[in-house]
Amino acid sequence: MKKVLVFEGMTQSVVTYLESNHIEVIINKQQEASDFTSHPDIDGIILMMHPVAENIMSKLPKLKVIARFGVGYDNVNLEDASSHHIVVTNTPGANATAVAETAVMHMLMAGRSFYQQRQSITDNIGHVPVGQEITGKTIGVIGFGAIGQKIDELLTGFNVNVLAYARHEKSVKNGRMATLEDIYTKSDFIVLALPSTPETHHMINADVFEKMKTNAVLVNIARGSVVDEQALITALKSGKIAGAGLDVVENEPIANNNELLTLPNVFVTPHVAAKSREAFDSVGFVAAQEVVRVLNNDTPHFKVND
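Put into C-alpha coordinates, the structure is as follows:
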(Lines of atoms letter the chains of each structure in order from A and count residues from 1; the text may use other names and numbers.)
(Lines give C-alpha, C1' and ligand atoms only; values in the text may rest on other atoms or scores of the structure.)
Protein backbone atom coordinates (compact mmCIF):
# COMPACT_ATOMS: atom_id res chain seq x y z
CA MET A 1 0.00 0.00 0.00
CA LYS A 2 1.23 3.49 -0.88
CA LYS A 3 1.88 5.94 1.96
CA VAL A 4 1.19 9.68 1.91
CA LEU A 5 2.13 12.21 4.58
CA VAL A 6 -0.35 15.03 5.21
CA PHE A 7 -0.27 17.87 7.73
CA GLU A 8 -2.22 17.93 10.95
CA GLY A 9 -5.54 19.71 10.30
CA MET A 10 -6.26 18.12 6.94
CA THR A 11 -10.03 17.65 6.61
CA GLN A 12 -11.40 14.16 7.15
CA SER A 13 -13.05 14.12 3.73
CA VAL A 14 -9.61 14.39 2.10
CA VAL A 15 -8.17 11.66 4.31
CA THR A 16 -11.13 9.45 3.44
CA TYR A 17 -10.62 10.11 -0.27
CA LEU A 18 -6.97 9.06 -0.08
CA GLU A 19 -7.82 5.94 1.91
CA SER A 20 -10.52 5.03 -0.62
CA ASN A 21 -7.72 5.01 -3.20
CA HIS A 22 -5.78 2.40 -1.19
CA ILE A 23 -3.39 4.91 0.37
CA GLU A 24 -2.21 4.81 3.97
CA VAL A 25 -2.38 8.32 5.38
CA ILE A 26 0.26 9.50 7.86
CA ILE A 27 -0.54 12.71 9.74
CA ASN A 28 1.81 15.02 11.63
CA LYS A 29 2.46 18.72 12.16
CA GLN A 30 5.08 19.10 9.40
CA GLN A 31 6.97 21.54 11.63
CA GLU A 32 10.42 19.91 11.65
CA ALA A 33 12.51 18.16 9.01
CA SER A 34 12.25 15.01 11.11
CA ASP A 35 8.47 15.03 10.62
CA PHE A 36 9.29 14.08 7.02
CA THR A 37 12.50 12.09 7.27
CA SER A 38 11.21 9.82 10.05
CA HIS A 39 8.95 8.25 7.40
CA PRO A 40 11.49 7.19 4.76
CA ASP A 41 9.02 4.93 2.95
CA ILE A 42 6.43 7.60 2.03
CA ASP A 43 5.39 7.84 -1.61
CA GLY A 44 3.76 11.26 -1.46
CA ILE A 45 3.38 14.44 0.59
CA ILE A 46 0.56 16.96 0.77
CA LEU A 47 2.65 19.88 1.94
CA MET A 48 1.79 23.01 3.86
CA MET A 49 4.53 25.65 4.42
CA HIS A 50 7.60 23.77 5.67
CA PRO A 51 10.59 24.11 3.29
CA VAL A 52 11.42 20.92 1.41
CA ALA A 53 14.70 20.56 -0.46
CA GLU A 54 17.63 18.16 -0.91
CA ASN A 55 18.13 17.65 2.84
CA ILE A 56 14.69 16.05 3.06
CA MET A 57 14.24 14.61 -0.44
CA SER A 58 17.50 12.66 -0.30
CA LYS A 59 16.19 10.75 2.70
CA LEU A 60 12.91 9.77 1.00
CA PRO A 61 13.90 7.31 -1.76
CA LYS A 62 10.32 6.31 -2.63
CA LEU A 63 8.93 9.86 -2.82
CA LYS A 64 7.18 10.47 -6.15
CA VAL A 65 4.98 13.52 -5.57
CA ILE A 66 4.84 16.67 -3.45
CA ALA A 67 1.41 18.28 -3.71
CA ARG A 68 1.49 21.83 -2.36
CA PHE A 69 -1.60 22.74 -0.35
CA GLY A 70 -2.20 26.05 -2.11
CA VAL A 71 -1.03 28.06 -5.08
CA GLY A 72 2.45 29.14 -3.97
CA TYR A 73 5.25 26.58 -4.11
CA ASP A 74 8.24 28.75 -3.17
CA ASN A 75 8.94 26.48 -0.18
CA VAL A 76 9.77 23.57 -2.51
CA ASN A 77 13.12 23.47 -4.31
CA LEU A 78 11.94 22.55 -7.79
CA GLU A 79 15.44 21.83 -9.11
CA ASP A 80 16.08 19.35 -6.30
CA ALA A 81 12.68 17.76 -6.87
CA SER A 82 13.30 17.31 -10.58
CA SER A 83 16.73 15.79 -9.93
CA HIS A 84 15.02 13.17 -7.74
CA HIS A 85 12.24 12.66 -10.33
CA ILE A 86 9.67 13.99 -7.87
CA VAL A 87 6.57 15.63 -9.34
CA VAL A 88 5.58 18.91 -7.67
CA THR A 89 2.01 20.17 -8.05
CA ASN A 90 -0.12 23.01 -6.73
CA THR A 91 -3.82 23.89 -6.55
CA PRO A 92 -4.49 27.02 -8.63
CA GLY A 93 -7.87 28.61 -8.03
CA ALA A 94 -9.00 26.23 -5.31
CA ASN A 95 -8.67 28.82 -2.54
CA ALA A 96 -9.29 31.93 -4.65
CA THR A 97 -12.51 32.93 -2.92
CA ALA A 98 -11.07 32.66 0.60
CA VAL A 99 -7.98 34.69 -0.31
CA ALA A 100 -9.95 37.30 -2.25
CA GLU A 101 -12.34 37.79 0.67
CA THR A 102 -9.31 38.31 2.91
CA ALA A 103 -7.96 40.94 0.53
CA VAL A 104 -11.21 42.90 0.68
CA MET A 105 -11.26 42.56 4.48
CA HIS A 106 -7.73 43.97 4.67
CA MET A 107 -8.73 46.87 2.44
CA LEU A 108 -11.51 47.71 4.87
CA MET A 109 -9.53 47.12 8.06
CA ALA A 110 -6.45 49.05 6.94
CA GLY A 111 -8.35 51.66 4.96
CA ARG A 112 -10.67 52.57 7.84
CA SER A 113 -8.43 51.76 10.86
CA PHE A 114 -11.11 49.45 12.24
CA TYR A 115 -8.64 47.44 14.32
CA GLN A 116 -7.28 50.57 15.96
CA GLN A 117 -10.84 51.79 16.56
CA ARG A 118 -11.52 48.54 18.40
CA GLN A 119 -8.32 48.97 20.44
CA SER A 120 -9.43 52.46 21.48
CA ILE A 121 -12.31 50.93 23.45
CA THR A 122 -10.05 49.17 25.94
CA ASP A 123 -6.53 50.54 25.37
CA ASN A 124 -5.19 54.04 25.71
CA ILE A 125 -3.86 54.35 22.18
CA GLY A 126 -4.60 58.02 21.56
CA HIS A 127 -5.98 59.50 18.36
CA VAL A 128 -7.08 57.08 15.64
CA PRO A 129 -6.86 58.58 12.15
CA VAL A 130 -10.03 58.78 10.06
CA GLY A 131 -9.74 56.43 7.11
CA GLN A 132 -11.10 56.33 3.59
CA GLU A 133 -13.87 54.35 1.93
CA ILE A 134 -13.32 51.83 -0.83
CA THR A 135 -16.37 53.00 -2.77
CA GLY A 136 -15.51 55.04 -5.84
CA LYS A 137 -11.77 54.54 -5.50
CA THR A 138 -9.11 53.31 -7.92
CA ILE A 139 -7.91 49.84 -6.97
CA GLY A 140 -4.69 48.44 -8.37
CA VAL A 141 -4.48 44.65 -8.47
CA ILE A 142 -1.00 43.33 -9.24
CA GLY A 143 -1.27 39.69 -10.25
CA PHE A 144 -4.50 38.87 -12.06
CA GLY A 145 -4.82 35.11 -11.88
CA ALA A 146 -7.71 33.33 -10.19
CA ILE A 147 -7.30 35.33 -6.96
CA GLY A 148 -6.87 38.71 -8.61
CA GLN A 149 -9.89 38.13 -10.82
CA LYS A 150 -11.98 37.07 -7.82
CA ILE A 151 -10.96 40.28 -6.00
CA ASP A 152 -12.15 42.26 -9.03
CA GLU A 153 -15.45 40.36 -8.95
CA LEU A 154 -15.99 40.87 -5.22
CA LEU A 155 -15.39 44.62 -5.58
CA THR A 156 -18.23 45.01 -8.07
CA GLY A 157 -20.64 46.50 -5.54
CA PHE A 158 -18.16 49.20 -4.48
CA ASN A 159 -18.28 51.09 -7.81
CA VAL A 160 -14.52 51.02 -8.11
CA ASN A 161 -12.10 51.51 -11.00
CA VAL A 162 -9.81 48.47 -11.12
CA LEU A 163 -6.37 48.71 -12.74
CA ALA A 164 -5.05 45.18 -13.21
CA TYR A 165 -1.54 44.05 -14.05
CA ALA A 166 -0.62 40.60 -15.38
CA ARG A 167 1.74 39.09 -17.92
CA HIS A 168 -1.16 38.44 -20.30
CA GLU A 169 -4.17 40.52 -21.30
CA LYS A 170 -7.34 39.55 -19.41
CA SER A 171 -10.88 40.82 -19.06
CA VAL A 172 -11.33 43.17 -16.09
CA LYS A 173 -14.90 43.35 -14.81
CA ASN A 174 -14.57 46.72 -13.12
CA GLY A 175 -11.83 48.42 -15.09
CA ARG A 176 -8.93 47.68 -17.42
CA MET A 177 -5.46 46.22 -17.72
CA ALA A 178 -2.76 48.73 -16.81
CA THR A 179 0.98 49.18 -16.46
CA LEU A 180 2.70 48.94 -13.09
CA GLU A 181 3.50 52.65 -13.39
CA ASP A 182 -0.20 53.45 -13.77
CA ILE A 183 -1.05 51.33 -10.74
CA TYR A 184 1.67 52.83 -8.55
CA THR A 185 0.80 56.45 -9.35
CA LYS A 186 -3.01 56.34 -9.62
CA SER A 187 -4.27 53.77 -7.10
CA ASP A 188 -5.88 54.50 -3.75
CA PHE A 189 -5.50 50.84 -2.80
CA ILE A 190 -2.89 48.46 -4.21
CA VAL A 191 -3.48 44.74 -3.74
CA LEU A 192 -0.65 42.26 -4.30
CA ALA A 193 -1.81 38.86 -5.58
CA LEU A 194 1.23 37.53 -7.42
CA PRO A 195 3.67 34.68 -6.72
CA SER A 196 7.08 34.85 -5.11
CA THR A 197 9.75 34.51 -7.80
CA PRO A 198 13.24 35.95 -8.25
CA GLU A 199 11.65 38.57 -10.50
CA THR A 200 9.07 39.68 -7.91
CA HIS A 201 11.45 39.75 -4.92
CA HIS A 202 11.20 43.22 -3.31
CA MET A 203 9.42 44.60 -6.37
CA ILE A 204 7.56 46.90 -3.99
CA ASN A 205 10.47 48.95 -2.67
CA ALA A 206 11.42 52.49 -1.66
CA ASP A 207 11.30 53.73 -5.25
CA VAL A 208 7.75 52.40 -5.62
CA PHE A 209 6.57 53.98 -2.37
CA GLU A 210 7.87 57.33 -3.65
CA LYS A 211 5.52 56.98 -6.64
CA MET A 212 2.42 56.08 -4.62
CA LYS A 213 -0.25 58.51 -3.48
CA THR A 214 -0.01 59.64 0.15
CA ASN A 215 -3.53 58.27 0.79
CA ALA A 216 -2.62 54.87 -0.69
CA VAL A 217 -3.15 51.65 1.24
CA LEU A 218 -1.03 48.60 0.37
CA VAL A 219 -2.61 45.16 0.82
CA ASN A 220 -0.44 42.04 0.56
CA ILE A 221 -2.13 38.63 0.43
CA ALA A 222 0.62 37.20 -1.82
CA ARG A 223 4.04 36.55 -0.28
CA GLY A 224 6.07 38.68 2.11
CA SER A 225 9.14 38.62 -0.12
CA VAL A 226 7.36 40.72 -2.74
CA VAL A 227 7.66 43.77 -0.44
CA ASP A 228 10.84 45.32 0.93
CA GLU A 229 9.65 45.28 4.54
CA GLN A 230 12.05 47.92 5.86
CA ALA A 231 11.09 50.27 3.03
CA LEU A 232 7.43 49.65 3.86
CA ILE A 233 7.99 50.48 7.54
CA THR A 234 9.77 53.69 6.56
CA ALA A 235 6.95 54.69 4.19
CA LEU A 236 4.31 53.99 6.85
CA LYS A 237 6.13 55.91 9.59
CA SER A 238 6.87 58.92 7.38
CA GLY A 239 3.33 59.19 6.02
CA LYS A 240 4.49 58.47 2.48
CA ILE A 241 1.57 56.05 2.27
CA ALA A 242 -1.51 55.95 4.46
CA GLY A 243 -1.58 52.34 5.61
CA ALA A 244 -1.07 48.66 4.97
CA GLY A 245 -3.04 45.45 5.38
CA LEU A 246 -0.74 42.43 5.51
CA ASP A 247 -1.54 38.74 5.65
CA VAL A 248 2.10 37.91 4.90
CA VAL A 249 5.48 39.29 5.99
CA GLU A 250 9.07 38.55 5.02
CA ASN A 251 9.88 36.24 7.92
CA GLU A 252 7.10 33.92 9.05
CA PRO A 253 5.65 33.21 11.46
CA ILE A 254 5.72 36.91 12.30
CA ALA A 255 7.72 37.69 15.44
CA ASN A 256 5.85 39.48 18.20
CA ASN A 257 8.54 42.18 18.19
CA ASN A 258 8.15 42.93 14.46
CA GLU A 259 7.88 46.71 14.18
CA LEU A 260 4.90 46.41 11.85
CA LEU A 261 2.83 45.30 14.85
CA THR A 262 3.51 48.60 16.63
CA LEU A 263 2.46 50.95 13.84
CA PRO A 264 -0.94 52.66 14.12
CA ASN A 265 -1.67 52.44 10.38
CA VAL A 266 -1.13 48.69 9.85
CA PHE A 267 -3.43 45.68 10.16
CA VAL A 268 -1.72 42.27 10.23
CA THR A 269 -3.02 38.70 10.12
CA PRO A 270 -0.76 35.62 10.40
CA HIS A 271 -0.94 34.18 6.86
CA VAL A 272 -4.52 32.97 7.19
CA ALA A 273 -6.03 34.19 3.91
CA ALA A 274 -6.63 30.67 2.60
CA LYS A 275 -7.98 29.31 5.87
CA SER A 276 -11.69 28.68 5.53
CA ARG A 277 -13.62 25.44 5.82
CA GLU A 278 -14.57 25.63 2.17
CA ALA A 279 -11.02 26.36 1.00
CA PHE A 280 -9.52 23.59 3.13
CA ASP A 281 -11.90 21.10 1.57
CA SER A 282 -11.40 22.39 -1.96
CA VAL A 283 -7.62 22.78 -1.83
CA GLY A 284 -7.14 19.49 0.00
CA PHE A 285 -9.25 17.61 -2.49
CA VAL A 286 -7.41 19.04 -5.52
CA ALA A 287 -4.04 18.24 -3.90
CA ALA A 288 -5.18 14.71 -3.06
CA GLN A 289 -6.39 14.15 -6.61
CA GLU A 290 -2.96 15.14 -7.90
CA VAL A 291 -1.31 12.69 -5.50
CA VAL A 292 -3.57 9.88 -6.66
CA ARG A 293 -2.92 10.68 -10.32
CA VAL A 294 0.85 10.60 -9.92
CA LEU A 295 0.87 7.44 -7.81
CA ASN A 296 -1.35 5.78 -10.44
CA ASN A 297 1.09 6.87 -13.16
CA ASP A 298 -1.47 9.27 -14.62
CA THR A 299 -0.68 12.81 -15.78
CA PRO A 300 -1.15 15.45 -13.08
CA HIS A 301 -3.23 18.52 -13.98
CA PHE A 302 -1.13 21.11 -12.13
CA LYS A 303 2.51 20.10 -12.33
CA VAL A 304 4.88 23.03 -11.69
CA ASN A 305 8.37 21.53 -12.22
CA ASP A 306 10.08 20.20 -15.32
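The opening residue of the sequence shown carries number 1 in full-length UniProt numbering; numbering runs sequentially from there. Cβ atoms here follow ideal geometry from the backbone N, Cα and C, with glycine treated the same way. Just so it is clear, the structure is predicted and the values come from calculations on it, not from any experiment.
Give the DSSP bridge partners of residue i, in chain order.
i, result
"V227", "I204"
"residue 313", "Within the shown structure, residues of the chain are numbered from 1 to 306, placing residue 313 beyond reach of any answer."
"F267", "G245"
"K303", "T89"
"A164", "V141 and M177"
Where do the N-terminal and C-terminal ends of the beta strand (DSSP E) with residue i fall, by residue?
i, result
"A178", "Per DSSP, A178 belongs to no beta strand (DSSP E) and is neither H nor E."
Could you work out which residue in the options is closest to residue i when comparing CA atoms only?
i, options, result
"L154", "E101, S34, L263 and N256", "E101"
"D267", "D188, N159, I204 and N220", "Looking at the sequence itself, residue 267 is Phe, so the reference to Asp does not match. The residue with the shortest Cα to Cα distance from F267 is N220."
"H84", "A67, K59, D74 and T11", "K59"
"L260", "V283, G224 and T16", "G224"
"G9", "F69, D43, F36 and S82", "F69"
"E199", "R167, K186 and M49", "R167"
"Y165", "G157, N159, P195 and T156", "P195"
"A146", "T97, H50, P61 and K303", "T97"
"D74", "I183, I241 and H50", "H50"
"K213", "F280, I121, V172 and K137", "K137"
"I190", "D281, V162, K170 and T197", "V162"
"P300", "T89, A94 and G243", "T89"
"K150", "A244, V104, V65 and L108", "V104"
"A235", "N205, N258 and T262", "N205"
"L5", "A33, Q12, K29 and I45", "I45"
"V111", "V52, N265 and T91", "Before going on, a small fix: residue 111 reads as Gly here, not Val. Closest option to G111, Cα to Cα, is N265."
Could you tell me the boundaries of the alpha helix (DSSP H) in which residue i lies?
i, result
"residue 382", "Given a span of 1 to 306 for the chain in the structure shown, any question on residue 382 remains unanswerable."
"G148", "A146 to L154"
Could you confirm whether any beta carbon from chain C is found closer than 7 angstroms to the beta carbon of residue i?
i, result
"G243", "The chain inventory of the structure shown lacks chain C, comprising one protein chain alone."
Report yes if the C-beta of residue i is less than 6 angstroms from at least one heavy atom of the ligand SAM; otherwise report no.
i, result
"K62", "You won't find the ligand SAM in this model; it holds no ligand whatsoever."
**OP:** Evaluate contact between the stretch 231-250 and the stretch 271-282, counting only Cβ atoms and requiring at least three cross-stretch pairs below 8 angstroms.
**Re:** Touching, yes, given that three or more Cβ pairs across the two stretches are closer than 8 angstroms.
**Request:** Counting only runs of 4+ residues fully inside the stretch 1-78, write out the alpha helix (DSSP H) ranges in chain order.
**Result:** As far as the stretch 1-78 is concerned, its whole alpha helix (DSSP H) runs of at least 4 residues are 12-20, 33-37 and 54-57.
**Request:** Note down, one range per segment and in chain order, each beta strand (DSSP E) of at least 3 residues found wholly within the stretch 87-133.
**Result:** You should have 87-89.
Is the number of C-beta pairs between the stretch 122-134 and the stretch 174-184 that are closer than 8 angstroms three or more? Using a C-beta cut-off of 8 angstroms, the stretch 122-134 makes no contact with the stretch 174-184, since fewer than three inter-stretch Cβ pairs fall below that distance.
Is it the case that the stretch 208-218 contacts the stretch 227-234, given that we only count it when at least three CB pairs across the two stretches are under 8 angstroms?
Yes, the stretch 227-234 is in contact with the stretch 208-218.
**Request:** Would you be able to state if there are at least three C-beta pairs under 8 angstroms between the stretch 18-33 and the stretch 284-294?
**Result:** The stretch 284-294 vs the stretch 18-33: in contact.
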